[in-house]
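Engineer: What follows is a structure written as structure tokens; I'll ask about it next.
2 protein chains.
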Amino acid sequence: MLSEHDIIQKLQEIVDSPPCGVKGIGDDAAVIPLSETTSYVISKDLLIEDTHFRLHYGDPESLSHKVLHVNLSDIAAMGAEPQFALLGLSIPPYLNQTWVDRFLEGFVRESKKQSILLIGGDTTASPQGLFISVTLIGKAQNSHLKFRNGANPGDILCVAGSLGEAGAGLRALEKDIIGLESLKKKTLRPEALIHEGIWFGQRPDVTAMMDISDGLYIDLSRLCQASCVGATVDLNALHPSTILQEACQMMKLDSLEYMLIGGEDYALLVTISPDVHQSTSRDFTQAFGYPLIPIGKITKEREVILTQQGIPQPFAYTPFSHFREL
Amino acid sequence: MLSEHDIIQKLQEIVDSPPCGVKGIGDDAAVIPLSETTSYVISKDLLIEDTHFRLHYGDPESLSHKVLHVNLSDIAAMGAEPQFALLGLSIPPYLNQTWVDRFLEGFVRESKKQSILLIGGDTTASPQGLFISVTLIGKAQNSHLKFRNGANPGDILCVAGSLGEAGAGLRALEKDIIGLESLKKKTLRPEALIHEGIWFGQRPDVTAMMDISDGLYIDLSRLCQASCVGATVDLNALHPSTILQEACQMMKLDSLEYMLIGGEDYALLVTISPDVHQSTSRDFTQAFGYPLIPIGKITKEREVILTQQGIPQPFAYTPFSHFREL
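Protein sequences, first through last, are from chains A and B. Here our numbering is used: the first residue of the first sequence is 1, the next is one more, and so on. Here our numbering is used: the first residue of the second sequence is 1001, the next is one more, and so on.
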């Protein structure tokens, strides 16, 4: 089966290296120059019916909120401020004018709220299935741009935002579980950590950043690969939220599994120089009213190791993949 | 049935007007500022299996050529030079690794030929149908940018490139006609008029430009609407090419119909100040080795009128629409 990883690897083999000032394939978003000191940052995400969402789970406004925030999360993960959007919609015959109007109105309303201007796109018929493609353009000072490849051995690995809740929420929807509305909302209307991303961008001590969209374990592995480093993750530092804990008890799920491999968290994974980590964490809590969670360390050895009381633990889960059946 | 026109109209109602230096919905591509004197131009086109193409008509390389050139045509129509691409691919289970590799290799090869760097995108599984979304970014001096809204009454209306051939080629494919290979190639591997677009951009006497992707009649109507003008088109000036003529004889089709409403021409429609039209035409032929065809005039009256020997003719065709069944 084709994986996104194989396709990215293939493209990295055959595509020329970008010139100075341009950042190509392999990060959350691409970078093209704007001036000597600033850049545009461009993300492009596809959302496909019955791969990324099911129409009957939510209303059109939630879906347009989601497609915008999935892209916003990529822009945030670069440390950039969102500015412009292009929307591609391929509409199946079973969606009527009212549905499409509500989707568009929701998209535009949420864009305005995020100070994003919709500047273009394309609409077309789809013989089957709703296909959505958003291109989002952000702007950042070059000195504020964060990449996946800046982590150094010794850096403290931190997570901003919740882990596992969106994955467990999706599970609840798929299994037709009554209730757990706040968990379901995490997958139906994710909120990208835009302000946090911009804030991290302004901190020189944040050495690398990416968003966690495919699960902590797989995304951390990508960050480590890009930075030519490894990491240890202390499983005891992964505390499930109360709603995740309750939901996992109710559905008889392993909350740790969902925190490690549940997709669509749209949390931010950052690495921070060890000498300033404590002051950065303190400032973060002051700015956002919730803590930045240290979950491990960057290491020289190029592998991701889960530990408990310092003892390596086996990784026994199947990582989240968009190519896996929901 | 939902039309792209309705969706664009809806969006134009609810989206804020763009600030100075930004050009939003309603042209071939959006414009965002790069410097005081230059801009980035951004197009986003969707190509959907069984709406825009059928897999069994051609090889993966032809399809990747097509998706690139469909977007290139939008960039060309703005007078801009293509620079960067983002590729979104949603891949159905019946396409294997070899097919995808050939598609990607073809896309990257043609991009390199056109001096375009692939800088990002997204790949995902599609439960059914191949969906392709390309975002193309070009660059232009602001003084070279051409829009749909600059046509003035009295301007000469001209077409660069062939009309009707791609539409007739598609018809030949759909009807399983043997032969007519050069016509079929027009729909399977269209060539955007990139150099012509850049050339028109450099001529201040070219007052408006757009690409003809949905048929001359409907695209001219859009140009007129954007410019708050009308146009007369002299049907006697629409000469079918020899291959279109032969194909229409063979398939018992009206070549004029295909020239007026056949989609996917990717020709360029330009309006030129009447006083310099002759010298521009002469320079064009000298530069490109084929003529720029004058087909009519821009008028004050806000409607598009087809004429023959100066006498208005009824328009009796169903305009091309991506929402119509192929």
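Cβ atoms here follow ideal geometry from the backbone N, Cα and C, with glycine treated the same way.
Could you tell me which residues DSSP puts in a beta bridge with A/C158?
Structural biologist: According to DSSP, A/C158 bridges with A/V270 and A/P294.
Engineer: Round the Cβ separation of B/V1119 and B/L1072 to the nearest angstrom and send it over; I've been treating them as touching at under 8 Å.
Structural biologist: For clarity, residue 1119 of chain B is Ile in the given sequence; the question names Val instead. Between B/L1072 and B/I1119 the Cβ distance is about 16 Å, and since that is not below 8 Å, they are no contact.
Engineer: So that I know if they touch, is there some Cβ in chain B lying closer than 9 Å to that of A/H322?
Structural biologist: Confidence at A/H322 is low in this model, with a pLDDT of 49, below 50, so the placement of that residue is unreliable and no value is reported for it.
Engineer: Is the CB-CB distance between A/A76 and A/T271 below 9 Å?
Structural biologist: Their beta carbons are not under 9 Å apart, which means A/A76 does not touch A/T271 by this criterion.
Engineer: Which residues in the same chain have their Cβ closer than 8 Å to the Cβ of B/R1324, if we skip the five residues on either side of it in sequence?
Structural biologist: For B/R1324, the predicted model reports a pLDDT of 49, less than 50, meaning its position is unreliable and no value from the coordinates is stated.
Engineer: Between the beta-carbon of B/L1216 and the beta-carbon of B/V1159, is there less than 9 Å?
Structural biologist: Yes, these two residues count as a Cβ contact at 9 Å.
Engineer: Would you tell me roughly how many angstroms separate the C-alpha atoms of A/L326 and A/D219, rounded to the nearest one?
Structural biologist: The predicted position of A/L326 is uncertain, since its pLDDT is 34 and thus under 50; a value taken from the coordinates is nonetheless stated next. Approximately 19 Å, taken between the alpha carbons.
Engineer: Comparing alpha-carbon positions, which option in B/K1044, B/S1043 and B/L1063 lies nearest B/D1050?
Structural biologist: That would be B/L1063, whose Cα lies nearest to the Cα of B/D1050.
Engineer: Relative to the C-alpha of A/L238, which residue among A/V100, A/M259, A/M250 and A/P190 is closest?
Structural biologist: Here the closest residue by C-alpha is A/M259.
Engineer: Give me the residue from B/D1006, B/A1029 and B/G1164 with the minimum Cα distance to B/P1240.
Structural biologist: Comparing Cα-Cα distances from B/P1240 to each of B/D1006, B/A1029 and B/G1164, the minimum goes to B/G1164.
Engineer: Excluding the five sequence neighbours on either side, which residues of its own chain have a C-beta within less than 6 Å of the C-beta of B/G1121, listed in chain order?
Structural biologist: Contacts found: L1086, L1087 and G1088.
Engineer: To which residues does DSSP link B/S1090 through a beta bridge?
Structural biologist: For B/S1090, which the question treats as bridged, DSSP gives the partners B/T1124 and B/F1131.
Engineer: Mind checking which residues open and close the alpha helix (DSSP H) that includes A/I75?
Structural biologist: Looking at the DSSP string, the run of the alpha helix (DSSP H) that includes A/I75 is P60 to A76.
Engineer: Could you give the DSSP three-state label for A/I137: helix, strand or coil?
Structural biologist: Residue state, collapsed to three classes: strand.
Engineer: Whether or not the stretch 1007 to 1017 of chain B and the stretch 1051 to 1061 of chain B are in contact is what I'm after, with contact meaning three or more pairs of Cβ atoms, one per stretch, closer than 8 Å; do they touch?
Structural biologist: Output reads no: the stretch 1007 to 1017 of chain B does not touch the stretch 1051 to 1061 of chain B.
Engineer: Output yes if chain B places a C-beta closer than 9 Å to the C-beta of A/E123; else output no.
Structural biologist: According to the sequence as given, residue 123 of chain A is Thr; it is not Glu. Cβ-Cβ to chain B under 9 Å: yes for A/T123.
Engineer: Measure the alpha-carbon distance for A/V276 versus B/K1112 and round it to whole angstroms.
Structural biologist: In a straight line, the C-alpha of A/V276 is about 44 Å away from that of B/K1112.
Engineer: Could you check where the alpha helix (DSSP H) with B/L1047 kicks off and where it finishes?
Structural biologist: Per DSSP, B/L1047 belongs to no alpha helix (DSSP H); it is in the beta strand (DSSP E), T1038 to I1048.
Engineer: Look at the Cβ atom of B/E1191, then the Cβ atom of B/G1138, and state whether they are nearer than 9 Å.
Structural biologist: No. Outside cutoff.
Engineer: Around the Cβ of A/H322, are there at least 16 other Cβ atoms within 10 angstroms (buried) or fewer (exposed)?
Structural biologist: A caution first: A/H322 carries a pLDDT of 49, below 50, which makes its placement in the model too unreliable to give a value.
Engineer: Rounded to whole angstroms, what's the CA-CA distance from B/G1129 to A/S213? Just pull it up for me.
Structural biologist: C-alpha separation (whole angstroms): 24 Å.
Engineer: Let me check understanding here. Comparing Cα to Cα, which of B/H1005, B/V1108, B/L1292 and B/L1095 lies closest to B/W1199?
Structural biologist: Of the listed residues, the one whose Cα sits closest to B/W1199 is B/L1292.
Engineer: Do you know how far the Cα of B/V1134 is from the Cα of B/I1091?
Structural biologist: Near 14 Å, if we compare the C-alpha coordinates of B/V1134 and B/I1091.
Engineer: Report the residue from A/V41, A/I25 and A/E174 whose alpha carbon sits nearest the alpha carbon of A/V31.
Structural biologist: Nearest C-alpha to A/V31: A/V41.
Engineer: Below 8 Å on the Cβ atoms is my guess for A/A247 versus A/A172; work out the distance and round it to an integer in Å.
Structural biologist: Indeed they touch by this definition, with Cβ atoms about 7 Å apart.
Engineer: Confirm, please, whether the CB-CB distance from B/K1252 to B/G1201 is below 9 Å.
Structural biologist: The answer is no: Cβ separation not under 9 Å.
Engineer: Quick one: list the residues of chain A neighbouring B/E1264, beta-carbon separation under 8 Å, in chain order.
Structural biologist: Correct list: empty, because the minimum Cβ distance to chain A is about 13 Å.
Engineer: Since B/I1243 and B/L1157 are thought to touch, with beta carbons under 8 Å apart, how far apart are those beta carbons, to the nearest angstrom?
Structural biologist: Not confirmed; about 24 Å, so no contact.
Engineer: Cα-Cα, which of A/A29, A/H65, A/K186 and A/E36 is closest to A/D265?
Structural biologist: The residue with the shortest Cα to Cα distance from A/D265 is A/K186.
Engineer: Are the C-beta of A/G129 and some C-beta of chain B separated by less than 9 Å?
Structural biologist: Yes, contact with chain B.
Engineer: If you check the beta carbons only, do B/A1029 and B/D1074 fall under 9 Å apart?
Structural biologist: Contact flag set, yes.
Engineer: Are the beta-carbon atoms belonging to B/D1027 and B/N1142 less than 9 Å from one another?
Structural biologist: Cβ atoms of B/D1027 and B/N1142: not closer than 9 Å.
Engineer: What span of residues does the beta strand (DSSP E) with B/A1287 cover, start to end?
Structural biologist: Premise fails: B/A1287 lies in the alpha helix (DSSP H), H1277 to F1288, not in any beta strand (DSSP E).
Engineer: Please name the residue in B/E1196, B/S1227, B/D1045 and B/V1067 whose C-alpha comes closest to that of A/T124.
Structural biologist: Selected option, being the one with the closest Cα: B/D1045.
Engineer: CB-CB under 7 Å to B/R1203, same chain, minus the five flanking residues each way: which ones, in chain order?
Structural biologist: Contacts found: T1280.
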